Structure formats: C-alpha cells, structure tokens
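K.L.:
First the structure, which I've put down as structure tokens, then a few questions once you've had a look.
There are 2 protein chains.
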Amino acid sequence: MSLSQIQYFVAVAEEGHVGRAAQRLYVAQPAVSRQIRALEDEIGTPLFTRTPRGMQLLPPGRVFLDRARAILVAVEEAANAARAAGAVARSAVGAGPPKSTG
Amino acid sequence: MSLSQIQYFVAVAEEGHVGRAAQRLYVAQPAVSRQIRALEDEIGTPLFTRTPRGMQLLPPGRVFLDRARAILVAVEEAANAARAAGAVARSAVGAGPPKSTG
DNA sequence: GGTAGTTACGAATTTCGTAACAATC
DNA sequence: GATTGTTACGAAATTCGTAACTACC
C-alpha cells in the first residue's frame, strides 16, 4: 500500500468516477484504475461496485474512506509540524542567546 | 513523501543507526540513507544529526517520529477495518437471509 | 453508438544494490 | 584502520500513457 493509492482511492470515492478522479489527479484513467485494483487486491476485498454509471462505494470502501482521509491529513500535519520545529530551531539560532526571560 | 520513507525513518530513529535500520528493513544501507535524505529535503529541515556513532534525532525529528508511528498504525488499522467489513458482508451473504432477530 | 472501466504493451520514472568515497575516532 | 554515513552508476522494479478491448444502456 502506498500514499498514492490512498490518494487515488479518496479521489475516486469522492468523484464516484475513475475518469473524473484521474482528471483531478492529473493522470490518465488507467493509472487510477490499476492502483484501485491493486489496493483492493492488497486489502483482499472489493471497495467499489463497478456500474455503468461509475464507481459506487461498498461497505468496506466506506469504512476505508474515513480512515484514508485521516491518514492523508496526518501526513500533511506531520510534515508541517516538523517544518515548524525546524523553523523554530533556526530562528532561535539566528536570534542568538536570549538576554533573559524578563 | 511515501509510506516507505516514513517506515524507513521510524526504523532509523529507533535504531539510531542507518546500518541496523537497513538490516531490520531487509534492504541495503544506501537505500535507507537516500530515502532519509529525500524525506528531509521534502520536509525542508534536517531530522537527524549525523555523528560518527550514528544518527541522532533533532527536535523536528522527534516531532515527526510520534506522528510517523501513528500514521503507520493508522494504515494498518484502515486495511484491517476494511477487511473486517468485507468478511462480514461475505459471511452475511453466505448465511443467507436471517430468519428473524430472535 | 456513447459512456464507463479494464487490459496490453512499450516508455519513462523510481528505487535498488554493489562499489567507491568521505569523515570521525 | 575500523566504523559510519554518503555518492556514483548501472540494473531491477514500478508506474505511467496510448491504444485496444469489454460491458451496459
């Protein structure tokens, strides 16, 4: 499983449509279709039903969607938190030793 | 950023040593070293100090570590939850219609 | 016939491992 | 000189896009 697969999955779930998800992700449809299938293979259960109108979430897909969104948010937050910690360290170095607390 | 990078990062942080992390991950040292550097580049701040004794976490690295562990756990749980939902659906189909609630 | 998803296949990208290098004790 | 992390470079694996295919209305 990869973060790209999770990202592709969320896009398809939200669009209900592989083609529109692909447009949103700036990739071709087959790339999305393949990654969704690979994700279903790895999890071991289908996440969507394929209908002539598009992709519809199955119960496992609904369960996965909530957690997938949370994972993507957590990844962003982890990076931002580390960046912030790095910026603090650099500004502290740049500012030199503090004169005092008062 | 990829899940592999997060996994590599946690291994290095826990081992304090690229070589031991690589052994634990069943890959060669350079693969780990490169992914750690790529992660630091993407985040935009160093996560470790390189010492002759190994790798030591910097403040941004400590911040990132907690969240990285949580992300890996969340990925596992997401897959397990979807699997469980799929198994329930299949057993319900296999069992046929319920006779009643009592 | 038009829309939607999926395979097939070759190309581009990414990741990897071996070997050589740099730095510290 | 022994240990540790990092580059260099070619090989392996993954991912991608175009084109062709299948299924349903």
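Chains as they are written, first to last, in my numbering: chain G, 1 to 102; chain W, 1 to 102.
Note that beta-carbon positions come from the ideal geometry of N, C-alpha and C, so glycine has one too.
The structure displayed is predicted, hence computed values, not measured ones.
If we call anything under 8 Å between Cβ atoms a contact, is residue 39 of chain G one with residue 7 of chain G?
P.N.:
no
K.L.:
Grouping DSSP H, G and I as helix and E and B as strand, with all else coil, what is residue 53 of chain G?
P.N.:
coil
K.L.:
If you compare alpha carbons, which of G:66, G:63, G:78, G:61 is closest to residue 66 of chain W?
P.N.:
G:78
K.L.:
Pairs of beta-carbons, one from the stretch 49-69 of chain W and one from the stretch 82-101 of chain G, closer than 8 Å: are there three or more?
P.N.:
Touching, yes, given that three or more Cβ pairs across the two stretches are closer than 8 Å.
K.L.:
Under the DSSP definition of a beta bridge, which residues are partnered with residue 48 of chain W?
P.N.:
DSSP lists W:57 as the beta-bridge partner residues of residue 48 of chain W.
K.L.:
With respect to the alpha helix (DSSP H) encompassing residue 30 of chain W, which residues constitute its N-terminal and C-terminal limits?
P.N.:
29-43
K.L.:
Taking only beta-carbon positions, decide if residue 83 of chain W is within less than 8 Å of chain G.
P.N.:
yes
K.L.:
What span of residues does the alpha helix (DSSP H) with residue 4 of chain W cover, start to end?
P.N.:
Its alpha helix (DSSP H) spans residues 3-15.
K.L.:
From the beta carbon of residue 3 of chain W, is the nearest beta carbon of chain G less than 8 Å away?
P.N.:
yes
K.L.:
Between which residues of its own chain and residue 32 of chain G is the CB-CB distance below 7 Å, once the five residues before and five after are set aside?
P.N.:
8, 12, 18, 21, 22, 25
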